[in-house]
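Participant:
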Amino acid sequence: MTPASEPCQFGRDGALIGMYHGVAGHAPVGMLLCPPLGQMLLRTHRVYRQLASGLAARGIGVLRFDYHGTGDSAGDSLALDWQHCLADIRSAAAELRVRSGCATMVGFGAQLGGSLALAAAATAGFARLILWDPVLDGARHVAELDAGQEALRNDPQHYVRPRGVEEAAGQWLGFPVSAQWRAQLADWRAEPARVPTLILDSRPEPVAGGWSPLAEAGARVLAMPASTDWSDLHRLEHAILAPDLLRMVGAALEPAA
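The UniProt record's numbering applies: residue 1 is where the sequence shown begins, and numbers increase by one.
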């Protein structure tokens with residue numbers, strides 16, 4: 001029988017909040033679920049919880065958590081910082097190792113969570129990566145978020161009249177964003193990790209450049225049967241459903257487990 005999930009606090013001054021989904025005894029494999037940010041943090045909360053519970057039932061120790069300044073963790077959302085997020089991943093990886101006793105750790109992330117897992121792979125000690133539609137070009141992602149914010153500002157289904165430019169400034173789809181975070185994200189360019197990497201592709205439309213440079217460096221790409229429209233304005237705060245995610249992640253982990 002799989003033990004119930006257990007909330008935990010860790011990191012400096014216990015500022016980070018997580019949920020450990022454990023197994024009886026030691027787990028040979030642990031998986032750290034690195035969350036995305038903003039609207040995608042809200043929309044993937046349910047599927048992350050389902051994934052964690054499903055993997056724990058298969059004997060894999062799983063930790064999901066919130067970065068400093070996001071979700072239930074302490075901190076101001078305007079203090080969000082790329083390097084701080086990477087440090088939070090390292091802290092979460094250390095916590096998972098202690099709780100699970102795992103010898104092998106896999107990093108998982110969707111969207112920007114995948115980007116952060118990729119960037120932290122070496123220092124967090126991930127043996128493998130599973131990335132779900134990761135952001136590989138920060139400047140392009142910033143432009144997409146700006147376009148989404150502008151569309152939301154003028155969307156009659158959300159506002160009876162268009163919001164003023166100044167009124168909606170400094171936000172991305174309802175979440176405040178600092179100039180520092182914007183600049184850090186715009187500077188992000190993915191580089192391959194030196195560990196086996198699997199990309200789960202559920203994008204409705206192919207993006208120019210595909211999954212390079214990761215695919216060019218040997219990352220495996222699997223298409224998910226159902227597409228995910230991450231940018232649909234009319235589904236803000238609606239849970240993303242990914243019925244094939246647990247099956248595909250579980251199948252990818254079978255050799256390691």
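From the three backbone atoms N, C-alpha and C, an ideal C-beta is built for every residue, glycine too.
Every value quoted in this text rests on a predicted model; they were computed, and no experiment measured them.
Do V142 and A186 have their CB atoms nearer than 9 Å?
Facilitator: Counted from its first residue, the sequence shown places residue 142 at position 142. Counted from its first residue, the sequence shown places residue 186 at position 186. Yes.
Participant: For Y20, which three-state DSSP category applies?
Facilitator: Within the sequence shown, residue 20 is the residue found at index 20, counting from 1. The answer is strand: DSSP assigns Y20 an E or B state.
Participant: Residue range of the alpha helix (DSSP H) that R90 falls in?
Facilitator: Start at 1 with the first residue of the sequence shown, and residue 90 comes out as number 90. W82 to S100 is the extent of the alpha helix (DSSP H) around R90.
Participant: Comparing the CB of D13 with every heavy atom of the ligand MN, is any distance shorter than 8 Å?
Facilitator: As for the ligand MN, it is missing from this structure, which has no ligand bound.
Participant: Looking only at its own chain, which residues have a Cβ that is under 8 Å from the Cβ of T70, when we skip the five neighbours before and after it?
Facilitator: Sequence index remark: in the sequence shown, residue 70 carries index 70 (1-based). P35, L37, L41, S77 and L80.
Participant: Measuring CB atoms only, is the stretch 204-212 touching the stretch 102-122, in the sense that at least three cross pairs come out at less than 8 Å?
Facilitator: Verdict: no, contact absent.
Participant: Given a cut-off of 9 Å on the beta-carbon distance, is the pair L198 and R220 in contact?
Facilitator: Locating residue 198 in the sequence shown gives position 198, counting from the first residue. Locating residue 220 in the sequence shown gives position 220, counting from the first residue. Going by C-beta atoms, L198 is nearer than 9 Å to R220.
Participant: According to DSSP, is L253 part of a helix, a strand, or is it coil?
Facilitator: Here the question's residue 253 lines up with position 253 in the sequence shown. It is helical.
Participant: Less than 6 Å between C-beta atoms, sequence neighbours within five positions excluded: which residues of the same chain meet that for W82?
Facilitator: The residue given as residue 82 occupies position 82 in the sequence shown. Here the set comprises Q184.
Participant: In its own chain, which residues sit with a C-beta less than 8 Å from the C-beta of L33, not counting the 5 before and 5 after it?
Facilitator: If you number the sequence shown from 1, residue 33 lands on position 33. Result list for L33: Y48, L51, A52, V62, L63, R64, F65, F108, G109 and G113, in chain order.
Participant: For R43, count the other beta carbons within 10 Å of its own beta carbon; 16 or more makes it buried, fewer makes it exposed. Which is it?
Facilitator: Start at 1 with the first residue of the sequence shown, and residue 43 comes out as number 43. With 16 or more Cβ atoms within 10 Å of its Cβ, R43 is classed as buried.
Participant: Is Q149 closer than 9 Å to A119 when the C-beta atoms are compared?
Facilitator: For this step, residue 119 is matched to residue 119 along the sequence shown. For this step, residue 149 is matched to residue 149 along the sequence shown. No, Cβ-Cβ distance for A119 and Q149 is not below 9 Å.
Participant: Given G101, which residues of its chain have a CB within under 6 Å of its CB, disregarding the five upstream and five downstream residues?
Facilitator: Within the sequence shown, the letter at position 101 stands for residue 101. So the qualifying residues of the chain are H26.
Participant: Spell out the partners DSSP gives G30 in its beta bridges.
Facilitator: Working through the sequence shown from its first residue, we reach residue 30 at position 30. G61 and M105.
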